[in-house]
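Working notes, structure below.
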Amino acid sequence: MKRTLAGQLSEHIGEEVRLVGWLHHTRALGKIAFIAVRDRTGIAQGVVLNPDKIDVSVLKKESIVEVIGKVKAEKQVRKGVEVEVLSVKTLVEPVAEIPFEISRSLSKLNLKLDAILDHRAFCLRNQELSAVFPVQAEIVRSFSEFMREKGFLEVHTSKIVSAGTEGGTALFPVQYFEQKAYLAQSPQFYKQMLVGAGYERVFEVGFVYRAEDHATSRHINEYLSLDFEVGFIDSYRDVIELEKEFLVRMIENLGANCKEELETLKARLPEIKDIPEIRLKDALEILERDYGRDTAGMTDLDPQGERELCDYVLKNTGSEFVFVTHYPAEARPFYTMSDPDNPDLTLGFDLLFRGLEVTTGSQRIHDYKMLVDNIRKFGMDPADFEFYLEIFKYSMPPHGGLAIGTERFTQQILGLSNIREASFFPRDRFRLTP
RNA sequence: GGGCCUGUAGUGUAGCUUGGUUUAACACAUCUGCCUGUCACGCAGAAGAUCGCCAGUUCAAAUCUGGUCGGGCCCGCCA
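Residue 735 is where the first sequence starts when you use this note's numbering, and the numbers rise one by one after that.
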């Protein structure tokens, strides 16, 4: 008999069906019993009217069962439909006691993150914990779909690189035969090179690796980076406009396609009308004036400053997003284009969302000589970057791009308290398994 | 790399300040019995913990001290 999924029961009223799934729970009340079977589409309830013949008490929670029964509409059930059980059979029985209850809501379970991650796959049987990932998948899908529509080519660049090129962050060394190599911290160089190769517009969805020795609720050492790079721009603002348009589309898609998950997680989507842009200098003045901060010597917002600025923007404009622009050159990577009106500043920007940085982007330097000079200015040797610089010799168009941290974005959209909840199998300072 | 906090049945917590009425308490899960509409079912009962580990102080340590291992958060840095 063909399998019917829990989510399809209402289409089969009056029919005999076969449900297969995990045993969510049983409720035996004497002369009547209930059995809840969970599959990828949800939970179906079966009612047992002859518990003297069908004993649900022998079934083990989280075993895989097959239930055959007749579907009927029933207003005493929350979902309005249930299966009158004719037979129940255990197909696979657990060989160990489950580590903890997962059929309830998280607020009742009160699980520590560490316990969740230690039993990650099992925990994803919980509706709330698993609901994070269809939302994340929709974020990623929206990105790919939007980029393709805009004429971008999807690319995949190597995650094994020869040098710690970009500076700043620490890299994971790997032994590459007799050579020393590193895990890529970003596809930055490659996506620029592919713009110069003639594709003009490229995007990439891929893991990047950072050996930063941090332990916070917003950092993991491997994260999924949504990158794009676009050629023939007039200014960094073209990059910002693309991201705005993408954000609007993504929020629309989430509202349309992730309704249930968002409800399960009690998440509220942001409304995007317009996203304000504030120069870093002005942002620091706001912190100084309205939040009593001493911003002397600050070349970037600290986490507290990010939260305060978002608070300010929300109160004054109603936006939960804000672009911060014109960071000083010393605070940005060497390939960032300087502001022609003030060479100490860059045409680089960050996007803050609900108090947290979720994107970094900029217009890049496309002039070969300027780029080489800048590498020297940063105290590095252009010879080490020859593989990257070569294409710049043969005419690069003005270009720019950005990167979005997927897990961080997911965390902020869903209001998760720790970024690890937005990663299936997070890699952090101490966790390498599962 | 710097700072703060934390570790008690399968899970989540209380007890620790002020060492001794603690036979280490409670909730959920587990097991047994009862229950015809449960869906956080209800009721009655049972089992389950050498209080992370090691050492010290003491007549006496879950409780105090030191070390060690694990975990969480913040900062720096970043997405």
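Ideal Cβ positions, reconstructed from N, Cα and C, are used throughout, including at glycine.
Contact between the segment 1145-1154 and the segment 831-839 is absent: fewer than 3 CB-CB pairs across the two stretches fall below 8 angstroms.
For the pair residue 1087 and residue 1095, the CB atoms are not nearer than the 8 angstroms cut-off. Its chain contains 752, 820 and 821 as the residues whose beta carbon lies nearer than 6 angstroms to that of residue 802, once the 5 sequence neighbours on both sides are disregarded; these appear in chain order.
Residue 981 sits away from residue 1003, with the two beta carbons spaced by 8 angstroms or more. Residue 927 sits close to residue 1122, with the two beta carbons spaced by under 8 angstroms. Counting C-beta atoms within 10 angstroms of its own C-beta, residue 1124 has fewer than 16 neighbours from the protein chains shown and is therefore classed as exposed. The Cβ atoms of residue 818 and residue 804 lie closer than 8 angstroms to each other. According to DSSP, residue pairing for residue 806 in a beta bridge involves 816. Under a 10 Å Cβ-count criterion, residue 924 is classified as buried, with 16 or more other Cβ atoms of the shown protein chains found around its own Cβ.
Here residue 1142 carries a helix assignment [DSSP, helix/strand/coil]. Look at residue 762 here: in three-state DSSP terms it is strand.
Contact check for residue 891 against residue 938 passes: the beta carbons are separated by less than 8 angstroms.
Its chain contains 1021 and 1025 as the residues whose beta carbon lies nearer than 6 angstroms to that of residue 1042, once the 5 sequence neighbours on both sides are disregarded; these appear in chain order. Residue 1011 sits in a strand when the DSSP states are folded into three classes. In this structure, the CA atom of residue 756 is about 16 angstroms from the CA atom of residue 816. Counting only the Cα atoms, residue 814 lies some 58 angstroms from residue 1015. Under the three-pair Cβ rule at 8 angstroms, the segment 1059-1079 counts as touching the segment 1105-1119. Counting only runs of at least 3 residues, the segment 1045-1088 fully encloses the following beta strand (DSSP E) elements, listed from N- to C-terminal order: 1055-1059, 1076-1080 and 1082-1087. Rounded to the nearest angstrom, the gap between the Cα atoms of residue 933 and residue 922 is 15 angstroms. Between the alpha carbons of residue 812 and residue 771 lies a gap of roughly 15 angstroms. Counting of Cβ neighbours within 10 angstroms places residue 847 among the exposed residues, the total staying below 16.
Counting every other CB atom within 10 Å of its CB across the protein chains shown gives residue 1076 a total below 16, marking it as exposed. In terms of CA proximity to residue 985, 876 leads the group 1097, 1073, 876 and 807. If you draw a straight line from the Cα of residue 780 to the Cα of residue 735, it is about 18 angstroms long. Per DSSP, the unbroken beta strand (DSSP E) holding residue 943 starts and ends at 935-943.
Less than 8 angstroms divides the Cβ of residue 960 from the Cβ of residue 1140. By the Cβ-count criterion, residue 763 is exposed, with fewer than 16 other Cβ atoms from all chains shown falling within 10 Å of its own Cβ. The beta carbons of residue 974 and residue 1005 sit about 19 angstroms from each other, so the pair does not count as a contact at 8 angstroms. Check the Cα spacing between residue 867 and each of 895, 994, 936 and 917: the tightest is with 994. If only uninterrupted alpha helix (DSSP H) runs of at least 4 residues are considered, those enclosed by the segment 964-1012 are 970-991 and 993-998. For residue 746, the CB contacts under 7 angstroms within the same chain, skipping 5 residues up- and downstream, are 738 and 805 in chain order. Beta-bridge pairing by DSSP links residue 907 to 916.
Each residue's CA atom was taken as its position, placing residue 782 and residue 791 some 12 angstroms apart. Take the alpha-carbon of residue 851 and the one of residue 1168: they are about 8 angstroms apart. By the neighbour-count criterion, in which a residue is buried when 16 or more other Cβ atoms sit within 10 angstroms of its Cβ, residue 1164 is exposed. In the three-state reduction of the DSSP assignment, residue 1161 falls in the coil class.
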